[in-house]
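Colleague:
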Amino acid sequence: MIALVRMVSGLVLWAAGFSVLYTLHGLGCALGWTGSSVFGLTQIKALLIAAWLGLVAAQAGIIVWLLRYRESQVDRIGIANGWIGFFATVVGGFPVLAISSCV
Amino acid sequence: MKAIQLHKDLTRIWQGEPGWRGVFSSVSHTDLGKRFIIAAAVFFGIGGVLAMLIRAQLATPDSAFAGPEVYGQIFTMHGSIMMFLFAIPMLEGLAIYLLPKILGARDLAYPRLTALGWWCYLFGGTIMILALLGGVAPDAGWFLYPPLSGKEFTPGVNSDVWLLGITFVEISAMCAAIEIVVTFLKFRAANMSLTRMPIMAWYLLATAGMMIFGFPPLILGSILLEVERAFGWPFFQPELGGSPLLWQHLFWLFGHPEVYIIFLPAAGALSTIIPVMARTPLIGYGAIVTAVMALAFLSFGLWVHHMFTTGIPHMALGFFSAASVLVAIPTAVQIFAWIGTIWAGRPKFTLPLYYIVGFFVVFVLGGLTGVMLAIVPFDQQAHDTAFVTAHLHYVLVGGFVFPMLAAAYYWMPHATGRTRVMRLGIAAFWLIFIGFNLTFLHMHLTGLLGMPRRVYTYPVEAGWTWLNLISSVGSFMQAFGFGLFAIDIALQRRIGNRSRRDPWEAETLEWAMPTPPSQYNFASLPTVDSREPLTKDRKIGARLAAGAGLLGRAIDDRRETLAVDIVTGKPEHVAILPGPSLLPIQTAAVIGGFFLSMLLSVYWLAPVFVIGTAVMVWRWAATTGTTRDPGPIDAGDGIILPTSFAVGGSSAYWGSVLASAANGTLFASLLFGYFFLWVVAPNWPPPGDYGAYLFEPAVISAGAALALFGARFGSRDFARAGMGSAMAALGLALSIAGLLWAGLRHLPGPTEHAFAAVGWTLTSYAIFSAAVGALIQLFIRRRIASGHVSADRPHELRIAMVWSDYGAGVALVVAWLLALSGSAL
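Residue numbers (the numbering used here), protein chains in the order written: chain A, 246 to 348; chain B, 7 to 831.
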């Protein structure tokens, strides 16, 4: 069972990360975190960028963890899923850099 | 002689009851799978007739064929039938029929649950069709957006028919999803490790997993909208703190994964059929499994692309737009793997391959327009136009109907033991393929020229006349094609020549049995050492029929099949499955009573059926298990295994875990609704005095703690298990009392404001969950007293713990959420 969980761990983390970004964005806009913070960024934008970078780092960490198990095909599928989760987090969260937050 | 005697003995054990009683009591996955498929095909025919009525109406401008009221019912029912009564049940039927056979098992994990799902589907679908015949069918579009579907704009029962009928049908989807996952995990041939699984099994696992997490938001949304319509709780009314966008979120949280739920089993059929037709192994097994897993997850991040025009901030649109584009990649991986397989092989251009080629053309076009619609500016131009209608038909017909037609021809010799008699199938293919493209290809242009979806007519000045006329001609051509297909299949069933076993020279286990299959599938169960067991050993079917495999004998009229380790496939125990029973149809009838009493607004009667359902489930559970452990069983080949009665990791435990996962998704969706309204809806919370309170949540927490402790009290010393169950039930009862008291003291009336409506919904859900947990703990006390649960057979304690822990957990979360929300206001 652990092997199955490991196999989808990268994708589970992507799903959690996606939910975190969407929730933070909704909360930040609703609660008006639009004042200026660091480097001229709004509070919400700074928070979202920090969260996104943290999630990308976590996805990278999952890959490093998954690379310790590579004997079976299930393990190798898990590694591929880890890379998919990483790539999806990078691309899916990219709008935090490029698009205005609450408009 | 030994083989014939074995066949007779197993037939006696596995066959259903005779006569009409057998029709109602059958639990055979082969019979029920075929029933699902045939019923879904009938519903497809009804949906198809409605499509022809739509095209008859739109063929000419200012048509008087159908007025707006009737047209509203026609297009709503067309979409609803095709999605809920055809596509999902068809994939369920395919999975129910096929899964045990491709895994080398004798039946699914829960045969009686399969039957319950069938009857719920039949009853729910019948309610919807009767409403259509009675002129009170749903008419607010297949996604039933409020406020149009609300009481103000739909005062009749039309929307109620959808909400109750579809929810009734979805019970069958949840039943099927849970048993597909558990069957995949546990009921396989010996040594069938995860990487020796047939590719179809992976697709069905992903599909079932998506159903477990995808359907609960829709079920919740339907409950909320029905409660709003029936009792005036204003979840979706902005003037009372609700939001119609909440419905859209809940609907599309289900609705987009639904597209992949429909596509994946069809893709599984393609991955199975293409290598056989190409006479070469499937290219990229690992890449395909990876792509399927990725699709199963990524498709949950797309739902808002159906809501790009609702005023959501641009950054959020960016998240969903990116995910919508990303999901094309794993889809393309499969497409290229299939093309590569055909390229690498020596394809036989038989009828299934015609439909597969049709799939490639139609589905790829649908995928490309899907990528176009994933781009926000384009979607905002094309939204709610005929372009979207064309796109979704290319995706769903290309991604589901064409593969299913290929699958029908591929597996018909298996189901009937007969071959095709005429060349009608080729003519049917060309009529369907040309007719489909004639209907929908230029409908993209109709949409880009500005024709909205769902209009019942249009003026001649709009310039859409010839486009619509061609679409209508094409749709009738398609209808002739499907008619020919139906005739071809019926002829094959009735007068086809006897087919030899494995006529396609396929390599998966379903062909290692006589066709049509017997009720027990395999006279003895296979042991496998590769993904294509028939490649290495073409005589495996004959050897299994002679009883040379595992469990190749009949003892004590027990229905036995093998349960294995999840990862390695090593034999773990012998599962004893239940036989024919009237409990499923009786339970479905009682559940149906609840839905009908709601539909007919006889609300006082509904609780009676809720109690009736609980009584039926109690009776059902009471018929399981044993008071006498049969002891270890010689499974053959020197393998001695315990029975399912004696092992802790039984399929019932995994079923409970998965049911709790689905239940938890519904709860999470409700919490999402609470927070969504909190940040989005106007006037939230309503003016009033809502201080934080601590006494009631403290009482509820004490009850939950007692329940958690009591459920574990007997885990080390079985002598204390009865006492532990009583403590757990008492703790949950205390939590229920606390929840009720907190609601009455602190929440406004549920019709006053959405805040109160959601608060009461959370409270009611927590009470319901705790009550289920308490009832199960009381049931366990009875089972201990009757000897069904003992120190040697303790696994029901673990199952009860899953349910009572869930009830306690929900009570805790709801109690503190509502108590502290007062201070956050």
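Even glycine gets a Cβ: it sits at the ideal position worked out from N, Cα and C.
Using beta carbons (cut-off 9 Å, strictly below), is I572 of chain B in contact with chain A?
Modeller: Cβ-Cβ to chain A under 9 Å: yes for I572 of chain B.
Colleague: Beta-carbon within less than 7 Å of P648 of chain B's beta-carbon, same chain only, minus the 5 sequence neighbours each way: which residues are those?
Modeller: For P648 of chain B, where only same-chain residues beyond five positions count, the Cβ hits under 7 Å are H579, P638.
Colleague: In chain order, what are the residue ranges of uninterrupted beta strand (DSSP E) at least 3 long that sit wholly in the segment 146-230 of chain B?
Modeller: Complete beta strand (DSSP E) runs here, min 3: none at all.
Colleague: Give the single residue among B:F408, B:I94, B:E245 whose Cα lies nearest to the Cα of T213 of chain B.
Modeller: Considering only alpha carbons, the answer is B:I94.
Colleague: Excluding the 5 residues flanking T452 of chain B on each side, which residues of the same chain have their C-beta closer than 6 Å to its C-beta?
Modeller: Excluding sequence neighbours, T452 of chain B sits near A392, W470, L473.
Colleague: What residues from chain B crowd round S317 of chain A, counting only those whose CB sits closer than 7 Å?
Modeller: Going along chain B in sequence order, the residues near S317 of chain A (Cβ under 7 Å) are T201.
Colleague: Are the CB atoms of Q498 of chain B and M410 of chain B nearer to each other than 9 Å?
Modeller: Not a contact, by the Cβ cut-off of 9 Å.
Colleague: Under a three-way DSSP split, which group does S796 of chain B fall into?
Modeller: It is coil, neither helix nor strand.
Colleague: What is the DSSP secondary structure of P67 of chain B, reduced to helix, strand or coil?
Modeller: Here P67 of chain B sits in coil by DSSP.
Colleague: Give the DSSP-derived three-state secondary structure of L556 of chain B in the structure shown.
Modeller: Strand, per DSSP.
Colleague: Going by C-alpha to C-alpha distance, which of B:G749, B:K542, B:M519 sits closest to R112 of chain B?
Modeller: The shortest Cα separation from R112 of chain B among B:G749, B:K542, B:M519 belongs to B:M519.
Colleague: Mapping the DSSP letters down to three states, classify L455 of chain B as helix, strand or coil.
Modeller: Coil, per DSSP.
Colleague: Below 9 Å on C-beta distance, what does A248 of chain A contact in chain B?
Modeller: Near A248 of chain A (Cβ distances below 9 Å), the residues of chain B are L200, I572, V573.
Colleague: With 7 Å as the C-beta to C-beta threshold (strictly closer), list the residues of the segment 282-300 of chain B near chain A in chain order.
Modeller: Against chain A - using a Cβ distance shorter than 7 Å - the residues of the segment 282-300 of chain B are G292, V295, T296, M299, A300.
Colleague: Under 8 Å: do the segment 814-824 of chain B and the segment 756-774 of chain B share three or more Cβ pairs, one atom per stretch?
Modeller: As far as the Cβ criterion goes, the segment 814-824 of chain B touches the segment 756-774 of chain B, which means the pair count is three or higher.
Colleague: Would you please state the rounded distance, in angstroms, between the beta carbons of I476 of chain B and V427 of chain B? I believe it to be under 8 Å.
Modeller: Not a contact, Cβ separation roughly 34 Å.
Colleague: Classify R634 of chain B: buried if its beta carbon has 16 or more other beta carbons within 10 angstroms, exposed otherwise.
Modeller: Exposed, because fewer than 16 other Cβ atoms sit within 10 Å of the Cβ of R634 of chain B.
Colleague: Check whether the Cβ atoms of A248 of chain A and V319 of chain A lie closer than 9 Å to each other.
Modeller: Going by C-beta atoms, A248 of chain A is nearer than 9 Å to V319 of chain A.
Colleague: Got a sec, what are the start and stop residues for the beta strand (DSSP E) A641 of chain B sits in?
Modeller: A641 of chain B -> beta strand (DSSP E) spans 639-642.
Colleague: If you measure between the beta carbons of L3 of chain B and S675 of chain B, is that distance less than 9 Å?
Modeller: Summary: the structure shown does not reach residue 3 of chain B, with chain B confined to residues 7 through 831, and so no result is reported for it.
Colleague: On a CA-only basis, which of B:E234, B:M622, B:A179 is nearest L100 of chain B? Give me that one, please.
Modeller: It is B:A179 whose Cα lies nearest to the Cα of L100 of chain B.
Colleague: Got a sec: which bits of the segment 219-250 of chain B sit with their beta carbon under 8 Å from any beta carbon on chain A, in order along the chain?
Modeller: Here the close residues number zero.
Colleague: In chain order, what residues of the same chain have a beta carbon less than 7 Å from the beta carbon of I742 of chain B, not counting five sequence neighbours either side?
Modeller: For I742 of chain B, where only same-chain residues beyond five positions count, the Cβ hits under 7 Å are I773, A776, A777.
Colleague: Answer with buried or exposed for D563 of chain B, where buried requires no fewer than 16 other C-beta atoms within 10 angstroms of its C-beta.
Modeller: Its Cβ having fewer than 16 others within 10 Å, D563 of chain B is exposed.
Colleague: Got a sec? Which residues, its chain only, sit under 7 Å from G238 of chain B by beta carbon, not counting five neighbours each side?
Modeller: Closer than 7 Å at the Cβ level, and outside the excluded window around G238 of chain B, lie T757.
Colleague: Taking only beta-carbon positions, decide if A329 of chain B is within less than 9 Å of chain A.
Modeller: Yes, A329 of chain B counts as interfacial toward chain A.
Colleague: What residues match up with E232 of chain B in a beta bridge as DSSP calls it?
Modeller: Looking at the DSSP assignment, E232 of chain B forms no beta bridge with any residue, so it has no partner.
Colleague: List the residues of chain B whose Cβ lies closer than 9 Å to the Cβ of F331 of chain A, in chain order.
Modeller: Ordered by position in chain B, no residue passes the 9 Å Cβ test against F331 of chain A, which lies about 12 Å from the chain.
Colleague: Taking a contact to mean a Cβ-Cβ separation below 9 Å, would you say L288 of chain B touches A343 of chain B in this structure?
Modeller: Cβ distance < 9 Å, so L288 of chain B and A343 of chain B count as in contact.
Colleague: Considering Cα atoms alone, identify which of B:G73, B:M321, B:T132 is closest to T268 of chain A.
Modeller: Answer by Cα proximity: B:M321.
Colleague: Going along the segment 661-674 of chain B in order, which residues come within less than 7 Å of chain A, judged by CB to CB distance?
Modeller: The segment 661-674 of chain B vs chain A, Cβ under 7 Å: nothing.
Colleague: Taking buried to mean at least 16 other C-beta atoms within 10 Å of its own C-beta, is I322 of chain A buried or exposed?
Modeller: I322 of chain A comes out buried.
Colleague: Quick check: the Cα distance between A780 of chain B and T279 of chain A, rounded to an integer number of angstroms?
Modeller: For A780 of chain B and T279 of chain A, the distance between alpha carbons rounds to 48 Å.
Colleague: So what's E23 of chain B in DSSP terms, helix, strand or just coil?
Modeller: Looking at E23 of chain B - three-state DSSP - the assignment turns out to be coil, as it is neither helix nor strand.
Colleague: Run down chain B in chain order and give the residues with a C-beta less than 7 Å from the C-beta of R321 of chain A.
Modeller: Under the 7 Å cutoff, chain B gives G292.
Colleague: What residue range does the beta strand (DSSP E) around P577 of chain B cover?
Modeller: First-last of the beta strand (DSSP E) with P577 of chain B: 577-583.
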